[in-house]
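Protein sequences appear in the order of chains S and P.
Residue 54 is where the first sequence starts when you use this note's numbering, and the numbers rise one by one after that.
Residue 54 is where the second sequence starts when you use this note's numbering, and the numbers rise one by one after that.
Protein chains: 2
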Amino acid sequence: MRGLTMPKSMIRVGVNGYGVIGKRVADAVTVQKDMMLIGVSDVVADWRIKMATKRKIPIYCSQPDRLEEMKRGVEVAGSLNDLLSEVDVVVDCAPGKIGAKNKPTYEKAGVKAVFQGGEKHEVTGVSFVAQCNYNESLGKPMTRVVSCNTTALCRVLGGLHKRHGLAKARVVIVRRAVDVWESGHTGIMNTLVPEMGVSHHAPDVKSVLHDLDIVSMAAKGSHNLLHLHFAIVQPRTPLTKEDVVATLKQEPRLVFVKGADGVEGLNSVFELARDLGRPRGDLYEIPVWEDGIMTIGNEIYLLWSTPNESNVVPENIDAIRSITSTETDWRKSVDETDKALGVVKSLY
Amino acid sequence: MRGLTMPKSMIRVGVNGYGVIGKRVADAVTVQKDMMLIGVSDVVADWRIKMATKRKIPIYCSQPDRLEEMKRGVEVAGSLNDLLSEVDVVVDCAPGKIGAKNKPTYEKAGVKAVFQGGEKHEVTGVSFVAQCNYNESLGKPMTRVVSCNTTALCRVLGGLHKRHGLAKARVVIVRRAVDVWESGHTGIMNTLVPEMGVSHHAPDVKSVLHDLDIVSMAAKGSHNLLHLHFAIVQPRTPLTKEDVVATLKQEPRLVFVKGADGVEGLNSVFELARDLGRPRGDLYEIPVWEDGIMTIGNEIYLLWSTPNESNVVPENIDAIRSITSTETDWRKSVDETDKALGVVKSLY
C-alpha cells in the first residue's frame, strides 16, 4: 500500500492486539481525517477477531506458529512484519508486558510505536497524556499511553496542578475486578483486595506529571464496571469549590455529573454512557461528581469514575500525532481527536 | 424474676431486636460472669427468632399488634413491657431510627438503655467506644454504641491520637453492600455508589473523639463481606512505622494481619474468622494490615477491615457496665469482656 497515492498527511496505522483497547483504537483511527487503518494483528481467530472481519479490517498474524490456526477462522492478510512494512505507526495493544517483547520487532521494522500502560515507563522512556505532556513525545520513535487510572489522575490532578500548583495529592482507587468481557480464571468476587504499600499509580502519574507530590492506595473491587477514584489534594493557595469547578471545566475530556441528578454510582455512569449512542457505549471523558467536590480548610476533595475500557482511546490517537510530529500543537490534536470521536463537555 | 435471689452484682439484661447485632449481643451477655440474659424481644417469629428458642432464650413481643402472629410461631413469654419490668438494662438492637421511638418506653419503665449506631447521637447525648470514652457514659441513663465503621475508626485512630496526638485524619471507607443474611429489595450490585460530600462517619467519630480533625468519604461496594477502610493521618510529631505498630499493639481489640501471609482481602479475613471457631465466625477485633502501614513524610497510611456484623458486640457489653456503674475502670471491663468472648491479640 506504500506504493498507492494517498494524501501526504495520511498517517498509516497498524494495531497489534485486537482486545479491549486495540479494537477501540482501531475504530478511533478509522474516523480520523489524517489517519488510515492499514490492519490489525492478533494471535487468535475467535469471535473477537471475527468482529474485525465484519468491519472489513485486514487481519494479520502476530505469531508465525499461530498462523495455520488463525487461517482456519479468518482470512489472514499476512504476518505482523507484513503489516509493519505497510505502516508509519503501530499501536501496540498486546496484553501487559508483551509490548516490551514486541519492541525489537517494531524497531527492526523502522516503525514508530505507541505502547499502553501495561508496559513499564522504561520501555519507551517517555509516557503520554495528551493534555499534560504532549510535547515530550514529539518526534520520538515511541511513547507509552499510561493506564486508564493514571490517565484519569493526570487529567484531573494535572488540570489543577498546572493552573494552581498542588502541594500534594493523596488518592484512593477502587478498581473494577475484571473487564466486562472476561470470564476466565479471574472474575467478579465477593471481596475487596487492597494493595499493600503505595499502589503503582502514584509513580506512574509522576512519569507524566513529574513534579507532583502524589501518594496512592488502591484496592481491587468486586464489580466489573469502571474504577472509582477518591482524591484529597492541597493546592499551594486555597481554592473555593467554584475555582475548582471553573478550572476543571477548562480541561478537555472531563465532564461533570451530579449525584443529585441521579448519577448515583458507577452503574449510572455506565448506563449513561450507553445512552450516548457511541460505539460499545464508550466514554472517553472522565465523569467527575460535581456535588462530590468539597473544599475543607486548605484541602480539596474530589470523586470521579474512570472508564477503564475507553478513556485512553483518544490518548492513543494524539500519541500517534505526537510521535509522528504531524501536529505539534497539543490542543489542536486533542480538538481534532475529540471532534472525530464526539467527545462532549456535558453528558446530559 | 426481680423477686428471685441472685448474686447482687448480676446485671439483668434484655435485648430488644433479635437481628444481626441483637442475636450476637444476646449470646455475648450470656457468657459474661456478671450478667444474665432475661430475654429477647422482637416483632416476628421466623427462622431467626426460632434460633433464640433453640438457645432457650425467653422471647417477648415488642409490638402488641404482632403478638397473635408471633404466638403462632414461637412461645411468647410476654410483652416488651413485661421484659422491661424484669431487667436493669435493655440493649436496643432494633433497626436504625426505631430505637429513638423505643426510648420513651424504656424511660417510662425506668430501665437503662444501650442504643446502636443506627440512632443519632442526640437520642442519648452520649456515644460510646469502650477504649476511647468509657467514662463519659458512667452512670448515665442511656448511651449509644457507635456503628461498626465508627467503632473501628475510633479504635485505630483513637489509639494513635491519645498517645501521639493526630493533627488530622482523612479516611476513605468502602462499605459492604448488604449484610450476608439479606436478600430483600437491596442486594449485591455490580457497582460502587459513592456518597456526595463528607460521609456521616467523620462527625460520628467526633461524638467519641471530640477533638479529632477528621474528614471521611465513603462508597457502598458490591460485596457483602466486611468494610474496607483507608486512612491517611498526620501525627503532630513524625512517627516511624515501628512507632505506629507498637502503639496499635497496645490497643485492645486490634489485631495485625499481613498481605504477605496471604491475607489478601476481605474474603481472606472472613475465612480466617470462620477458622477461629467462634459463634457465627464472628470477629470482634479490627484486623489492620501490618504491611499496609506506610509512613511517608509526616503522614501515616493505614488499611484495615471492619467486621460489620460483630465488632460492636464487646462494646455493647462494656456499655452495659458503664451505664450501670458496675465497673468504673474501662480497662477492667474490656479485659473481662474480651476474656469471656475469647478476643485475641493475634488471629493466626
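Ideal placement from N, C-alpha and C gives every residue a C-beta, glycine not left out.
The structure presented is a predicted model; accordingly, all values stated were derived computationally and were not measured.
Under a three-way DSSP split, which group does P:Q169 fall into?
Coil at P:Q169, not helix or strand.
What are the start and end residues of the beta strand (DSSP E) that includes S:S358?
Unbroken beta strand (DSSP E) run through S:S358: 352 to 359.
Tell me which residues share the same chain as P:S363 and place their Cβ nearer than 7 Å to its Cβ, disregarding the 5 neighbours each side in the sequence.
Closer than 7 Å at the Cβ level, and outside the excluded window around P:S363, lie R77, D335, L336, Y337.
Given 8 Å, three or more beta-carbon pairs between the segment 181 to 190 of chain P and the segment 200 to 212 of chain P
With the cut-off at 8 Å, the segment 181 to 190 of chain P and the segment 200 to 212 of chain P touch.
Selection from P:N134, P:E175, P:S132 that minimises the alpha carbon distance to P:A153:
Minimum Cα distance to P:A153 is reached at P:E175.
Under a CB-based cut-off of 9 Å, is P:T293 close to chain S?
P:T293 is outside the set of residues whose beta carbon lies under 9 Å from a beta carbon in chain S.
According to DSSP, is P:G131 helix, strand or coil?
Of the three classes helix, strand and coil, the one that applies to P:G131 here is strand, per DSSP.
Since S:V340 and S:L400 are thought to touch, with beta carbons under 8 Å apart, how far apart are those beta carbons, to the nearest angstrom?
Here the sequence assigns Pro to residue 340 of chain S, which means Val is not the residue at that position. Contact between S:P340 and S:L400 is confirmed by a C-beta separation of about 7 Å, below the 8 Å threshold.
Return yes when the Cβ of P:A166 is within less than 9 Å of the Cβ of P:K156, no when it is not.
In this structure, P:A166 lies closer than 9 Å to P:K156 by Cβ.
Tell me whether the beta-carbon of P:V179 lies closer than 9 Å to the beta-carbon of P:I64.
Not closer than 9 Å, so no.
Using beta-carbon positions only, say whether P:V84 and P:V66 come within less than 9 Å of one another.
No, the Cβ-Cβ distance between P:V84 and P:V66 is not below 9 Å.
Using a Cβ-Cβ cut-off of 8 Å (strictly less than) and excluding sequence neighbours within five positions of S:L356, which residues of its own chain qualify?
The residues are L281, H282, F283, A284, V341, W342, G345, I346.
Can you tell me the Cα-Cα spacing of P:A255 and S:K294, whole angstroms?
Between P:A255 and S:K294, the C-alpha separation is close to 20 Å.
Measuring CB to CB, does S:K150 end up less than 9 Å from S:G126?
If you check the CB distance, S:K150 and S:G126 do not come in under 9 Å.
Could you confirm whether any beta carbon from chain P is found closer than 9 Å to the beta carbon of S:A205?
No, no contact with chain P.
Of the choices S:Y159, S:H253, S:G240, S:T390, whose alpha-carbon is the least far from that of S:T203?
It is S:H253.
Which residues in chain S have a C-beta closer than 7 Å to the C-beta of P:R289? List them in chain order.
Within chain S, no residue has its beta carbon less than 7 Å from that of P:R289; the closest one is some 16 Å off.
Contact check, S:E368 vs S:V224, beta carbons under 9 Å
At the C-beta level, S:E368 and S:V224 stay beyond 9 Å of one another.
Taking the straight line between their C-alpha atoms, what separation do you get for S:G218 and S:T290?
Just so you know, the alpha carbons of S:G218 and S:T290 end up roughly 8 Å apart.
Is the number of C-beta pairs between the segment 111 to 131 of chain P and the segment 379 to 392 of chain S that are closer than 8 Å three or more?
Per the Cβ contact rule, the segment 111 to 131 of chain P is not in contact with the segment 379 to 392 of chain S (fewer than 3 Cβ pairs under 8 Å).
Please name the residue in S:D232, S:S190, S:L265 whose C-alpha comes closest to that of S:I370.
With distances taken between Cα atoms, S:I370 lies closest to S:S190.
Would S:A98 and S:E122 qualify as a contact pair, given that the criterion is a beta-carbon distance under 9 Å?
A contact, by the Cβ cut-off of 9 Å.
Starting from S:Y113 and walking both ways along the beta strand (DSSP E), at which residues does that stretch end?
Per DSSP, the unbroken beta strand (DSSP E) holding S:Y113 starts and ends at 112 to 114.
Give, in chain order, every residue of the segment 256 to 284 of chain S whose Cβ lies closer than 7 Å to some Cβ of chain P.
Correct list: V268, M270, A272, G274, S275, H276, N277, L278, L281, F283.
Using the Cα positions of P:G212 and S:S269, report the straight-line distance between them to the nearest angstrom.
A straight line joining the alpha-carbon of P:G212 with that of S:S269 spans about 24 Å.
For the beta strand (DSSP E) holding P:H282, just list the boundary residues, first then last.
Counting along the chain, P:H282 sits inside the beta strand (DSSP E) bounded by residues 280 to 288.
Tell me whether the beta-carbon of P:S275 lies closer than 9 Å to the beta-carbon of P:L245.
Yes, the pair counts as a contact, with Cβ atoms nearer than the cut-off.
Of all Cβ atoms in chain P, is any one closer than 9 Å to the Cβ of S:L414?
The displayed coordinates of chain S run from 54 to 401. Any statement about residue 414 of chain S would go beyond what the structure contains.
How many angstroms separate the CA atom of P:L262 from the CA atom of P:H214?
If you take the alpha carbons of P:L262 and P:H214, they lie about 9 Å apart.
Please state if the CB of S:V366 and the CB of S:I74 are separated by a distance shorter than 9 Å.
Closer than 9 Å, so yes.
Alpha carbon to alpha carbon, how far is S:I349 from P:E352? Give it in angstroms, no decimals.
Taking the straight line from one Cα to the other gives about 18 Å.
Please report the Cβ distance between S:I376 and S:G192, rounded to the nearest whole angstrom; I am assuming they are in contact, meaning their Cβ atoms lie under 8 Å.
Confirmed, Cβ separation roughly 7 Å.
Local conformation of P:R197 per DSSP, three classes
In the three-state reduction of the DSSP assignment, P:R197 falls in the strand class.
Quick one: does S:Y187 have its CB under 9 Å from some CB of chain P?
Not closer than 9 Å to any Cβ of chain P, the Cβ of S:Y187 fails to qualify, so no.
Confirm, please, whether the CB-CB distance from S:N243 to P:I241 is below 9 Å.
Going by C-beta atoms, P:I241 is nearer than 9 Å to S:N243.
What alpha helix (DSSP H) runs, 4 residues minimum, are completely inside the segment 69 to 149 of chain P?
Counting only runs that start and end inside the segment 69 to 149 of chain P, the alpha helix (DSSP H) elements of at least 4 residues fall at 73 to 83, 100 to 107, 120 to 126, 133 to 137.
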